[in-house]
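Residue numbers (mature numbering (1 follows the signal peptide of the UniProt record, and there is no 0)): -20 to -1, 1 to 85. Working notes, beginning with the structure itself.
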């Protein structure tokens, strides 16, 4: 019994060491000159694409105020056709980019 518990402990520790955790992260870059912004969401590879999309859309809601959109309306488009990509600085993470621009009416 003791050998089985030791083996399980070793397996659990090696699994934890091989897959470092990735905390969700949102980066927002914007230009007031062109009234455009990009929202980049980074999450772990195991996260669903829908959860990245939801976080990006929710995060973009405050961008209109940041860009001083006069009408308050924004046009959102997915970079790369809405497909996730592997984060270059962390192979255990993926990212999605949502571009936002003001629509002046």
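Note that the Cβ used here is the ideal one computed from N, Cα and C, for glycine as well.
Can you say whether residue i is buried or exposed, counting buried as having 16 or more other CB atoms within 10 angstroms of its CB?
| i | result |
| --- | --- |
| residue 52 | exposed |
| residue 40 | buried |
| residue 86 | This structure gives no information on residue 86, because the portion of the chain shown stretches from -20 to 85. |
Pull up the DSSP beta-bridge partners for residue i, would you.
| i | result |
| --- | --- |
| residue 24 | 73 |
| residue 84 | In DSSP, residue 84 forms no bridge with anything. |
| residue 16 | 11, 81 |
Taking C-beta to C-beta, are residue i and residue j nearer than 7 Å?
| i | j | result |
| --- | --- | --- |
| residue 56 | residue 21 | no |
| residue 77 | residue 31 | no |
So residue i and residue j are in contact, right, with Cβ under 8 Å, and what is the actual spacing, rounded?
| i | j | result |
| --- | --- | --- |
| residue 43 | residue 10 | 7 Å |
| residue 24 | residue 73 | 6 Å |
| residue 54 | residue 82 | 6 Å |
Whole beta strand (DSSP E) elements within the stretch 28 to 79, 3-residue minimum: Runs found: 54 to 58.
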